[in-house]
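I have placed the structure first, in the form of structure tokens, so that the comments after it can refer back to it.
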Amino acid sequence: MIRIIATLLFAVAASCAAASPARVVSMNLCTDQLAMLIASPGQLVSVSALSQDPVMSAMVDEAKTYKANQGRAEEVFIMRPDLVLAGAFTARSTVAMLKRLGFRVEVFQPSQNFADIHTNIKRMGVLLGHEDRASKLLVSFDRELAKFASDSSGPNAPLAAAYYPGGRTSGKKTLMNGIMEAAGWRNFGAELGITGIGNMPLELLVMNRPDAVINAENDALGPVLANENFRHPALLGAIKSGMGLFTIPNRFELCGGPFTIEAVRALDGLRQKISVPVGRSQ
Amino acid sequence: MKRSFSFPLLMGLLILATGVLGVVSLLIGPADVSPLRALTALFYEDGAISLVMREIRLPRAILGVSIGISLGLSGAALQGYLRNPLAEGGILGIGSSAALGAVLAIYTGLATVFPLALPLFALTGAFLAVAILFALSGSSYGGSLTLVLAGIAVSSLAAAFTSLVLNLASNPFASYEMVFWMLGSLADRSMLHVELALPFMVLGWIAIGFSAPALDALSLGSDTAASLGVKLSRVRTLVIMGAAASIGAATAVAGSISFVGLVAPHMLRPFVGSRPGRLLPASAFGGAILLTAADIVSRLVAPDRDLKLGVVTALVGAPFFLWLVFRSDRKLP
């Protein structure tokens, strides 16, 4: 009996998946942007409010043409979508409730490297029934990325450290790590053995003095205690004696997508600008 | 009054221990520097090491000691004046109220334009809390429990408002900083913070110091004290101002840190023959020792995790508080 029900459910699910969804709601900044790139007109009904925030989103203008949602189950429910796109960090209770209410919810993992960007774009294409568009996006993405194929990678590459408010940094398995590598930098956070987002003690930054310290631009978000790191006399002292502090727009490195190329471009330009002597010892 | 310990000897030992822990605090950090070179770099220019020592580790050590002194001293003064063994800045909600003031100054952007707003707002928050608690303690005689209950109310209210301000802040990451304000930390504080907080803390210490003789007289009862010529209103003002200034300034730069002000006086009271006037300096250095030790532990236990100071002080202080409550419960008639 159970097997029959299971088979039936599977059949229903398969038939739903086969026809491309007509009303898609996205609840996550990263799925928003991929969906906007791939969906056909009218197919995407709503995107998260974050995607209309110029600090976080690389596609503000497009996002403003959609209805914004705050990621609450109730809002999504009344829009009656046949597909809901969520991120791995979307509130679990919301995702669980939507599933209980019978909605089809597809959860995306955040991109931790360029391979993940590929996987997510492909998957978005399959889910929205536009695999052709997804593969076109990927072809141009790879073509752009190949332009930065770094000649200076390896142990002699200049050293960069990501340094965000609150002394946070990007280690291995982060998109920033991938961006740095693609732009021909070594990532100090990764070399310290940090995986994911971790703490970068100011002491280590000052002592090791990487060629560039890279912050993600987010001043526009308003005052917060974590920003005090950038007024710390030790950091300012290190900058005075030659350590470069640069910012790249948050919106290009928060989510993985074609716009991630812009972050690579910015860091590649930076590397050429500071033209670190090759073989600099650490 | 039994005195099994010479007071100058006790003070000598406490100051020595504070000094030793202060130096140990200077030697601990993620950057691998030999102790000798680290201390030399403090005085002689040594590139990045000097920068680390002077701008990162020195302010941390100074803040550890001075915040410890502030908390220990104000704890002893509050316990002495209110004659309540459970009185302490954290438990009475003075720390959380100061944190609310600091939060208002920072997240509205005021502290960016006018840096002094940070300590001043925190001081105001602390002052309001102390004033409310003192008004309550005056109205109900012997209300040891009333005071603690009022402290809980003040503390919850301040924490709720702090949370509200952080949630309404324009920056979505502000709410993550609740942990800092509730549990306190000295990580990556700078000389700027020392400059902002230390003067106010010192003013608080001086105010409390002036109350010492009166606190001794008060331990004989307020009537006896009054007959000895103690002006109660003056002592009251000194303790209120002193506690508010020292706890307020400490909280403004390090968040609210509980239990140091409770534990320090209790641990040292037996050694000073229960004389409040003598307990003040002893408890001040006791607080400095506790806080600096807690900061060292927080760095040794989880060097890469930014363990909050309040976690360590509460792990030691909360069981102690429970023990105090049990003991005072048994003593009740």
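Protein sequence lines correspond, in order, to chains A and B.
Start counting the first sequence at 2; every next residue gets the next number (the numbering used here).
Start counting the second sequence at 365; every next residue gets the next number (the numbering used here).
In this text, a Cβ means the ideal position worked out from N, Cα and C, and glycines have one as well.
Small disclaimer: the values here were computed from a predicted structure and weren't measured.
| Item | Value |
| --- | --- |
| CB contact below 8 Å: N230 of chain A versus chain B | yes |
| Contact set between the region 200-211 of chain A and chain B, restricted to residues whose Cβ is under 9 Å from the partner | N200, P202, L203, E204, L205, V207, M208, N209, R210 |
| Proximal residues of chain B, C-beta to C-beta of P224 of chain A below 9 Å | I470, Y471, T472, G473, L474, A475, T476, A533, S534, N535, A538 |
| C-beta neighbour in chain B for G168 of chain A, strict 8 Å | yes |
| Element boundaries [alpha helix (DSSP H), containing T476 of chain B] | 474-477 |
| Local conformation of Y164 of chain A per DSSP, three classes | coil |
| Chain B contacts made by the region 121-136 of chain A, where a contact means CB separation under 7 Å | none |
| 8 Å Cβ cutoff met for A522 of chain B and L464 of chain B | yes |
| Unbroken beta strand (DSSP E) run spanning K68 of chain A, endpoints | 68-70 |
| Contact list for G393 of chain B against chain A, beta-carbon separation under 7 Å | E204 |
| Closer than 7 Å: G155 of chain A CB and nearest the ligand PLP heavy atom | In the structure shown, the ligand PLP is absent, as is every other ligand, since no ligand is present at all. |
| For E452 of chain B, the three-state DSSP class (helix, strand or coil) | coil |
| Spatially closest choice to M546 of chain B from B:V558, B:P483, B:L530, by CA coordinates | B:L530 |
| CB contact flag (L246 of chain A, N200 of chain A, <8 Å) | no |
| Limits of the unbroken beta strand (DSSP E) element including F247 of chain A | 245-250 |
| Those residues which DSSP pairs with N188 of chain A across a bridge | A:A161 |
| Chain B contact for P111 of chain A (CB, 8 Å cutoff) | no |
| For T656 of chain B and A648 of chain B, the rounded distance between their alpha carbons | 12 Å |
| Whole-Å CB distance - V96 of chain A paired with V108 of chain A, under 8 Å assumed | 7 Å |
| Endpoints, beta strand (DSSP E) assigned at E218 of chain A | 213-218 |
| Beta-carbon proximity of V26 of chain A to V85 of chain A, cut-off 8 Å | yes |
| Min CB distance M555 of chain B to chain A below 8 Å | yes |
| Element boundaries [alpha helix (DSSP H), containing L129 of chain A] | 115-129 |
| Cutoff 8 Å: G88 of chain A Cβ touching any chain B Cβ | no |
| Test: P234 of chain A CB closer than 8 Å to a CB of chain B | yes |
| Spatial neighbours of L550 of chain B in its chain, beta-carbon cut-off 7 Å, leaving aside the 5 residues before and after | R424, L427, G428, A618, D659, L673 |
| Alpha-carbon to alpha-carbon, V518 of chain B and L500 of chain B | 12 Å |
| Cβ distance (whole Å) where V437 of chain B is taken to contact I572 of chain B below 8 Å | The displayed chain sequence assigns Leu, not Val, to residue 437 of chain B. About 5 Å; that satisfies the 8 Å criterion. |
| Residue burial classification, F690 of chain B (beta-carbon count within 10 angstroms, cutoff 16) | exposed |
| Proximal residues of chain A, C-beta to C-beta of F623 of chain B below 7 Å | Going along chain A, no residue has its Cβ under 7 Å from F623 of chain B, so there is no contact; the nearest lies around 23 Å. |
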